[in-house]
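Q:
Residue numbers (my numbering): 3 to 398.
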């Protein structure tokens, strides 16, 4: 039987002290629970930190598996064995990546000499612009600034060298994680359909039903989010790449590819890729073309943000821009570029979890019925019926 508050134990109106006491007890109770939850999360993060080298391939493997699953599912529907379907899809992905890399390498190699001469002329133009109105900076001030920067770099040579070595080590670690992720992705798309039945057998009917529904929603959200983001990034890359090509900007193909991959880090990635394109245009061509590139990037991003992205993500998961920026900031501060890449999908999955918990609260409190909610699996619908029956029984 639930404990009654002071205000509920008498028929007379409660005193101010009783009302304040009930409020303080309620606040203290919830504050203690929240503190325990936050402490548990902190301990969990500390315990998992040494295992990051094993967790990262699993997370990357899940992302890759969501990309590979549509062709694997299509091949399996045509009678192709699961292992062969997974292998063919993985090989197709390798072929696309290597072909793109070869095209980029050839483009950079063919345009490198021209870009070097254009960059030298561009630096001279920037220096002339600094010396002219309205800035009117004296040449000796520019030279002293360059010398100061050079001296600072010379003094920091050991730190730069150690940073380079650390970067090489991190790159090797990421490559190893990527290879493991590809292997895990192969087994995920090959044996993935067997996972949910195994979960139900291990966890039991009720807990297994909840997990089946929740994991199905998470998989659908993750796959839809990745595919929608890939399509948005592809549109950005195509239009920006075509614009750079017609404007005569060097390295337009590598810049288009950078724009595509940068699009997987929403808002931040597209901004950085656009700034890089403007910088290349400024150094290699002229200020006028750099401004045209800036207008091109802004126009494409406006069309993406206001038209394309809402249409695509409304079918999967619509996240508030503030939540996206906060997620990317937290992810990048914790795990760098990889953290920024994984931050938004992680936030989307967290929203799925919170919404599922909200549905269960609505069912148990009697605010909603099971037939008012949408479920992906029969198991999820069955546990919802059980929750509704328990709510009716407790109210009776």
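Ideal Cβ positions, reconstructed from N, Cα and C, are used throughout, including at glycine.
Rounded C-beta distance between residue 60 and residue 186? I'm assuming under 8 Å.
A: Indeed, because the Cβ distance is near 6 Å, the residues count as touching under 8 Å.
Q: How should residue 219 be labelled, buried or exposed, when 16 other C-beta atoms within 10 angstroms of its C-beta is the threshold for buried?
A: Residue 219 should be labelled buried.
Q: So within the stretch 265-306, which uninterrupted alpha helix (DSSP H) runs reach at least 4 residues, ignoring any that extend past its ends?
A: List check, alpha helix (DSSP H) in window: 270-286 and 289-305.
Q: Anyone know if the C-beta pair for residue 283 and residue 272 falls short of 8 Å?
A: Result no, Cβ atoms of residue 283 and residue 272 do not sit closer than 8 Å.
Q: Rounding to the nearest angstrom, what Cα-Cα distance links residue 190 and residue 201 in this structure?
A: The alpha-carbon atoms of residue 190 and residue 201 are separated by roughly 15 Å.
Q: Would you decide whether residue 400 is buried or exposed? Buried here means 16 or more other CB atoms lie within 10 Å of its CB.
A: Lying before the first or after the last residue shown, residue 400 is absent from the chain, which here runs from 3 to 398.
Q: Taking the Cβ atom as the reference point for each residue, do residue 63 and residue 258 lie within a distance shorter than 8 Å?
A: Taking 8 Å as the Cβ cut-off, residue 63 and residue 258 do not qualify as a contacting pair.
Q: The alpha helix (DSSP H) that contains residue 371, what's its start and end?
A: Run containing residue 371: none; DSSP gives neither H nor E here.
Q: Taking a contact to mean a Cβ-Cβ separation below 8 Å, would you say residue 97 touches residue 87 in this structure?
A: No, these two residues do not count as a Cβ contact at 8 Å.
Q: State the DSSP-derived secondary structure class of residue 385, mapped to helix, strand or coil.
A: Note: residue 385 maps to helix in three-state DSSP.
Q: Measure the C-alpha to C-alpha separation of residue 175 and residue 358 and round it to an integer number of angstroms.
A: In a straight line, the C-alpha of residue 175 is about 36 Å away from that of residue 358.
Q: Could you tell me which of 331, 367 and 231 sits nearest to residue 391, measuring between CA atoms?
A: That would be 367, whose Cα lies nearest to the Cα of residue 391.
Q: Quick one: what does DSSP say residue 19 is sitting in, helix, strand or coil?
A: DSSP places residue 19 in helix when its eight states are reduced to three.
Q: Quick check on the DSSP output: the alpha helix (DSSP H) that includes residue 212 runs from which residue to which?
A: Unbroken alpha helix (DSSP H) run through residue 212: 207-249.
Q: According to the Cβ coordinates, are residue 351 and residue 223 closer than 8 Å?
A: Their beta carbons are under 8 Å apart, which means residue 351 touches residue 223 by this criterion.
Q: Which of helix, strand or coil does DSSP assign to residue 162?
A: At residue 162, the pLDDT of 44 sits below 50, so the modelled position is not reliable; the number obtained from the coordinates is stated separately. Three-state result, residue 162: helix.
Q: Whole angstroms are fine: how far does the CA of residue 216 sit from the CA of residue 192?
A: Each residue's Cα considered, the two are about 21 Å apart.
Q: In three-state terms, what does DSSP make of residue 2?
A: Outside the displayed span of the chain (3 to 398) sits residue 2, for which this structure offers no information.
Q: According to the Cβ coordinates, are residue 299 and residue 242 closer than 8 Å?
A: Yes; because the gap between Cβ atoms is below 8 Å, this pair is in contact.
Q: When the Cα atoms are used, what is the spatial distance from residue 204 to residue 213?
A: Spanning the two alpha carbons is a distance of roughly 11 Å.
Q: So, is residue 181 buried or exposed, given that buried needs 16 or more other C-beta atoms within 10 angstroms?
A: That one is exposed.
Q: Smallest Cα separation from residue 225: which of 43, 70, 35 and 17?
A: Of the listed residues, the one whose Cα sits closest to residue 225 is 70.
Q: Taking the alpha carbon of residue 399 as the reference point, which residue from 327, 265 and 287 has its own alpha carbon closest?
A: Absent from the model: residue 399. The displayed extent of the chain is 3 to 398, so no value can be given.
Q: Compute the distance between the beta-carbons of residue 106 and residue 328, then report whether it is under 8 Å.
A: No, the Cβ-Cβ distance between residue 106 and residue 328 is not below 8 Å.
Q: Round the Cβ separation of residue 295 and residue 280 to the nearest angstrom and send it over; I've been treating them as touching at under 8 Å.
A: Going by Cβ atoms, the distance from residue 295 to residue 280 rounds to 5 Å, so yes, they are a contact pair.
Q: Straight-line CA distance for residue 249 to residue 235?
A: Distance between the alpha carbons of residue 249 and residue 235: 21 Å.
Q: Specify the secondary structure class of residue 196 as computed by DSSP and reduced to three states.
A: Residue 196 falls in the helix class under three-state DSSP.
Q: Just confirm the distance between the C-beta atoms of residue 349 and residue 372, as a whole number of angstroms; I'd bet it's less than 8 Å.
A: Not quite, the Cβ-Cβ distance comes to about 28 Å (not below 8 Å), so this is no contact.
Q: Going by C-alpha distance, which of 247, 270 and 323 is nearest residue 287?
A: Selected option, being the one with the closest Cα: 247.
Q: Taking DSSP as the reference, what is the three-state secondary structure of residue 169?
A: For residue 169, the predicted model reports a pLDDT of 48, less than 50, meaning its position is unreliable and no value from the coordinates is stated.
Q: Helix, strand or coil: how does DSSP classify residue 8 here?
A: Note that residue 8 scores 49 on pLDDT, short of 50, meaning its location in the model is unreliable and no value can be drawn from it.
Q: Alpha carbon to alpha carbon, how far is residue 383 from residue 342?
A: Rounded to the nearest angstrom, the two C-alpha atoms are 35 Å apart.
Q: Check this for me: beta carbons of residue 92 and residue 188, under 8 Å apart or not?
A: Cβ distance < 8 Å, so residue 92 and residue 188 count as in contact.
Q: Taking all protein chains shown into account, decide if residue 360 is buried (16 or more other Cβ within 10 angstroms of its Cβ) or exposed.
A: That one is exposed.
Q: Distance check for residue 228 and residue 67, CA to CA, integer angstroms please.
A: Spanning the two alpha carbons is a distance of roughly 10 Å.
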